[in-house]
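Chains as they are written, first to last, in our numbering: chain U, 160 to 272; chain X, -1 to 116.
In what follows, a single structure is set out as structure tokens and then discussed.
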Amino acid sequence: DAGVTQSPTHLIKTRGQQVTLRCSPKSGHDTVSWYQQALGQGPQFIFQYYEEEERQRGNFPDRFSGHQFPNYSSELNVNALLLGDSALYLCASSLAGGNQPQHFGDGTRLSIL
Amino acid sequence: AQTVTQSQPEMSVQEAETVTLSCTYDTSESDYYLFWYKQPPSRQMILVIRQEAYKQQNATENRFSVNFQKAAKSFSLKISDSQLGDAAMYFCAYRTPYSGGGADGLTFGKGTHLIIQP
């Protein structure tokens, strides 16, 4: 049973560019959340998708956007990249309803030059 | 806004000994969930243990147990018989139930780096 998979593993971009990160949830999960983890910090919640709609959003600018597809996979898009966007981006999936724990992927390491 | 504080940036323990990691949180909610996650160098965040705020009994998972003090807003993690494989960053996390079901976004602390000395 495959867990949460993210691609790519590593990515290098320059300031001002745009990037798309991808996430496939654990089999059977329908809710996907994205987190940004700066070096030496705890993850910060970006947003959550459920039934192809953004359901909840953390304190991130509109440069961060996302999408969820009918198969529950998700993309995170970041426009106009800044040096401060360099971080590990984690995707987590869960079942809807009740007290369901979030299962995390291995993350995408994004470096901005 | 909810906040989670981990006051110990780093902790060190001898193999086979017991260690306690501290976590406090701030919330005005009465119903919420608390978690401890482990993040080894492989980067994947792994759930260690969770606690529902409405349950008075402290959660236990094998060598891992918590001391949940709701009035003090404290949620510490005790690791018994520490093993080399326990070495990792440990994050305390909080979330509230979402009225529409599913899992809300987690609020994490800054983490505690646990070192296991052989």
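Heads up, the beta-carbon is just placed ideally off N, CA and C, and yes, glycines get one too.
If you're wondering where the values come from, they're calculated on a predicted model, not measured in any experiment.
> Going along the chain, which residues of the stretch 213 to 232 of chain U sit with their C-beta nearer than 9 Å to a C-beta in chain X?
Replying inline: Listed by position along the chain: 214, 215, 216, 217, 218.
> Checking contacts by CB at 8 Å: is residue 265 (chain U) closer than that to chain X?
Replying inline: Interface residue, yes.
> How should residue 77 (chain X) be labelled, buried or exposed, when 16 other C-beta atoms within 10 angstroms of its C-beta is the threshold for buried?
Replying inline: By the 10 Å Cβ count, residue 77 (chain X) comes out buried.
>> Residues of chain X with CB closer than 8 Å to the CB of residue 202 (chain U), please, in chain order.
In response: Think of a sphere of 8 Å around the beta carbon of residue 202 (chain U): the chain X residues whose beta carbon falls inside it are 43, 89, 104, 106, in chain order.
> Between the stretch 59 to 81 of chain X and chain U, which residues of the former have CB atoms less than 8 Å from a CB of the latter, in chain order?
Replying inline: If the cut-off is 8 Å between Cβ atoms, the stretch 59 to 81 of chain X has nothing near chain U.
> Curious, which full-length beta strand (DSSP E) runs of at least 3 residues does the stretch 198 to 234 of chain U contain?
Replying inline: Within the stretch 198 to 234 of chain U, the runs of beta strand (DSSP E) that reach at least 3 residues and sit entirely inside it are, in chain order, 203 to 209, 212 to 216, 223 to 227.
> What does DSSP give as the partner residues of residue 52 (chain X) in its beta bridges?
Replying inline: Note: residue 52 (chain X) sits in no beta bridge, so no partner.
> Would the beta-carbon of residue 90 (chain X) fall within 8 Å of that of residue 11 (chain X)?
Replying inline: Against a cut-off of 8 Å, the Cβ pair of residue 11 (chain X) and residue 90 (chain X) comes out as no contact.
>> Taking CB distances under 8 Å as the criterion, tell me whether residue 40 (chain X) reaches chain U.
In response: For residue 40 (chain X), the closest Cβ of chain U is nearer than 8 Å.
>> Would residue 83 (chain X) pass as an interface residue toward chain U - the criterion being a Cβ-Cβ separation below 8 Å?
In response: Closer than 8 Å: no.
> Where does residue 222 (chain U) land, buried or exposed, given buried means 16+ other C-beta within 10 angstroms?
Replying inline: With fewer than 16 other Cβ atoms within 10 Å, it is exposed.
>> So, with DSSP's three-state summary, where would you put residue 24 (chain X)?
In response: Correct three-state label for residue 24 (chain X): strand.
> Ordered along the chain, which non-local residues of its own chain (more than five positions away) have a Cβ less than 7 Å from that of residue 246 (chain U)?
Replying inline: Exclusion of the five residues before and after residue 246 (chain U) leaves 195, 196, 197, 269 as the residues of its chain whose Cβ lies within less than 7 Å of its Cβ.
> How many Å lie between residue 109 (chain X) and residue 20 (chain X) at the Cα?
Replying inline: Going by the C-alpha atoms only, they are around 10 Å apart.
>> Excluding the 5 residues flanking residue 58 (chain X) on each side, which residues of the same chain have their C-beta closer than 7 Å to its C-beta?
In response: If we look at residue 58 (chain X) and ignore the five residues flanking it on each side, it has no Cβ neighbours.
> Using the rule of at least 16 other Cβ atoms within 10 Å of the residue's Cβ for burial, across every protein chain shown, is residue 93 (chain X) buried or exposed?
Replying inline: Under this definition residue 93 (chain X) is a buried residue.
>> Given this structure, state the Cα-to-Cα distance separating residue 233 (chain U) from residue 176 (chain U), to the nearest angstrom.
In response: Distance between the alpha carbons of residue 233 (chain U) and residue 176 (chain U) is about 20 Å.
>> Here's the rule: buried if 16 or more other CB atoms are within 10 angstroms of the residue's CB, otherwise exposed. What is residue 169 (chain U)?
In response: By the 10 Å Cβ count, residue 169 (chain U) comes out exposed.
> Do you know how far the Cα of residue 61 (chain X) is from the Cα of residue 217 (chain U)?
Replying inline: Rounded to the nearest whole angstrom, the C-alpha separation of residue 217 (chain U) and residue 61 (chain X) is 34 Å.
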